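Visitor: Take a look at the following structure, please.
Structure (structure tokens):
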């Protein structure tokens with residue numbers, strides 16, 4: 001990876017769901033990408049999803065434990081937003097996430113329809129470690 005690619009990695013933004021009870025709503029706009037990250041000196045596998053979050057293109061990074069919940073809802077992702085809720089305090093190794101599909105509102109439908117697939121592809125090519 002060169003300087004240009006490294007600059008893109010640094011500018012990549014991830015959705016942060018870091019507080020107990022926090023809920024965030026996202027629109028999944030592309031295919032998941034597995035990658036390795038380091039957490040607490042241990043290499044782990046994460047799965048990154050390109051999403052629209054608060055009107056911006058970002059990455060939602062989930063664990064292998066949360067991924068099956070998203071996968072079960074994949075048939076709904078063309079007309080539903082995902083609401084992700086965290087259960088567990090910051091730093092809690094037993095933290096879990098619940099994932100629910102909710103119908104998109106009009107603004108979300110517009111954002112989903114207008115997503116720039118080229119930007120999605122570039123974002124996922126430059127997927128970085130968010131830790």
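In this note's numbering, the protein residues as written are 1 to 131. C-beta atoms are modelled at their ideal positions from N, C-alpha and C, and glycine is treated no differently. These numbers were taken from a predicted model, which means no experiment stands behind them.
Would residue 59 and residue 50 qualify as a contact pair, given that the criterion is a beta-carbon distance under 9 Å?
Guide: Taking the first residue of the chain shown as position 1, residue 59 is located at position 59. Taking the first residue of the chain shown as position 1, residue 50 is located at position 50. Yes. Within cutoff.
Visitor: Which residues in the same chain have their Cβ closer than 7 Å to the Cβ of residue 83, if we skip the five residues on either side of it in sequence?
Guide: As a first step, residue 83 is located in the chain shown; it is residue number 83 there, counting from the start. Cβ within range, chain order: 23, 25, 100 and 102.
Visitor: Give me the Cα-Cα distance between residue 91 and residue 111, rounded to the nearest whole angstrom.
Guide: Counting from one through the chain shown, the residue named residue 91 turns up at place 91. Counting from one through the chain shown, the residue named residue 111 turns up at place 111. CA-CA distance, residue 91 to residue 111, rounds to 33 Å.
Visitor: With a Cβ-Cβ cutoff of 9 Å, do residue 86 and residue 20 count as a contact?
Guide: Your numbering for residue 86 matches position 86 in the chain shown. Your numbering for residue 20 matches position 20 in the chain shown. Yes.
Visitor: Could you tell me the alpha carbon to alpha carbon distance between residue 72 and residue 66, rounded to whole angstroms?
Guide: The residue you call residue 72 lines up with position 72 of the chain shown. The residue you call residue 66 lines up with position 66 of the chain shown. Between the alpha carbons of residue 72 and residue 66 lies a distance of about 11 Å.
Visitor: Should residue 104 be labelled buried (16 or more other beta-carbon atoms within 10 Å of its own) or exposed?
Guide: As a first step, residue 104 is located in the chain shown; it is residue number 104 there, counting from the start. Buried, by the Cβ-count rule.
Visitor: Between 61, 113 and 78, which lies nearest to residue 37 when the distance is taken from Cα to Cα?
Guide: Counting from one through the chain shown, the residue named residue 37 turns up at place 37. Residue 61 is the option with its Cα nearest to residue 37.
Visitor: Out of curiosity, what's the CA-to-CA distance linking residue 15 and residue 41?
Guide: Counting from one through the chain shown, the residue named residue 15 turns up at place 15. Counting from one through the chain shown, the residue named residue 41 turns up at place 41. Between the C-alpha atoms of residue 15 and residue 41 there is a straight-line separation of about 22 Å.
Visitor: In terms of residues, what are the limits of the alpha helix (DSSP H) holding residue 70?
Guide: Here residue 70 refers to the residue found at position 70 of the chain shown. Residues 67-72.
Visitor: Restricting to Cα atoms, I'd like to know which of 64, 109, 78 and 114 is closest to residue 97.
Guide: By one-based count along the chain shown, residue 97 stands at place 97. Out of 64, 109, 78 and 114, 64 has the C-alpha closest to the C-alpha of residue 97.
Visitor: From residue 77 to residue 28, what does the alpha carbon distance come to, in whole angstroms?
Guide: Taking the chain shown and counting its residues from 1, the one referred to as residue 77 is at position 77. Taking the chain shown and counting its residues from 1, the one referred to as residue 28 is at position 28. Distance from the CA atom of residue 77 to the CA atom of residue 28, rounded to whole angstroms, is 6 Å.
Visitor: Would you mind working out which of 116, 79, 123 and 120 sits nearest residue 106, comparing C-alpha positions?
Guide: Locating residue 106 in the chain shown gives position 106, counting from the first residue. Ranking 116, 79, 123 and 120 by Cα distance to residue 106 puts 79 first.
Visitor: At which residues does the alpha helix (DSSP H) containing residue 112 begin and terminate?
Guide: Taking the chain shown and counting its residues from 1, one reaches residue 112 at position 112. Note, residue 112: alpha helix (DSSP H), 106-113.
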